[in-house]
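See structure below.
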């Protein structure tokens, strides 16, 4: 990658944001949306505001980190309480779950945009995201949300480089999808199983494993740990500590996935779960979780 090309893309992003005039930025605390919020604040000042959706599917640690980042960079932010868990279509947890979540968010953002006279809603889709089927993108299109990172031609790697150059500490932050993405497709999403996952992942972090997923399969918790950390996990004492931390949360069985952490592993069961969808909504997907 040429630094001159990246500088041109950065300038294009700044120009794109300025042309928007004013914007609400859908902000999750991940690198992409955080960099977009940062860049929008640099370009527009108080004519932008970050908006983060708070619900049971957002880990408390992630919310705290997102709010801290905004405060550190003086980015105006609003916390919206979203109620996707009250939506039976979301609870059903089929392949379109993310659509219903983002539709709820963008509906509320549209109300805020209209009430406060912001010109646009923006979200952090990057150039790489366009190659994947993500139901949230359908919701964004439905609500006419713009994607300035795509307009600037920025990839995920390039966004991380720009964030690092800007001195943003989250430039190398691991991807972190919502807690609902840990629930196997077809198993209803409830506050109880979301809490089980959050507590289980917090426990694993406390044991010194920074990159983890706890996949909820009913009575079974399937644990994914970064492959580099697997040798440390595969000792009798550590396995006993993991079991002691996870089973009391309501799981009968705890298993360590020998393939290690990998984004989107729940997609292995997606075709089977998609059988519950109406025929006109079935499709092959490639969603990261």
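In the UniProt record's numbering, the protein residues as written are 1 to 289. Idealized CB from N, CA, C, for every residue including glycine. No experiment lies behind these values; they were computed from the predicted model shown.
Reduced DSSP secondary structure (H/G/I, E/B, other) of residue i
i	result
residue 81	strand
residue 262	coil
residue 125	coil
residue 267	Legend: pLDDT at residue 267 = 49, less than 50; position of this residue unreliable, value from coordinates given subsequently. If DSSP states are grouped into helix, strand and coil, residue 267 belongs with the helices.
residue 56	coil
residue 116	helix
Neighbour-count burial assignment, residue i, 16 or more Cβ in a 10 Å radius
i	result
residue 137	buried
residue 41	buried
residue 157	exposed
residue 135	buried
residue 100	buried
CB contact flag (residue i, residue j, <9 angstroms)
i	j	result
residue 254	residue 221	yes
residue 126	residue 155	yes
residue 118	residue 23	yes
residue 223	residue 204	yes
residue 35	residue 51	no
residue 163	residue 31	yes
residue 106	residue 71	no
residue 91	residue 53	no
residue 16	residue 210	no
Reference residue i; option with closest CA among the options
i	options	result
residue 144	123, 153, 152 and 158	123
residue 177	58, 184 and 48	58
residue 262	234, 230 and 239	230
residue 79	97, 93, 219 and 60	60
residue 94	182, 245 and 5	182
residue 187	219, 175, 173 and 174	219
residue 77	38, 234, 89 and 84	38
residue 199	216, 11 and 185	216
residue 245	232, 171 and 214	214
Spatial distance of residue i from residue j (CA atoms)
i	j	result
residue 13	residue 152	5 angstroms
residue 110	residue 68	25 angstroms
residue 48	residue 235	50 angstroms
residue 250	residue 196	7 angstroms
residue 25	residue 33	8 angstroms
residue 208	residue 241	11 angstroms
residue 146	residue 160	20 angstroms
Closer than 9 angstroms to chain C by CB, residue i
i	result
residue 53	Of the chains in the structure shown, none is chain C; there is only one protein chain.
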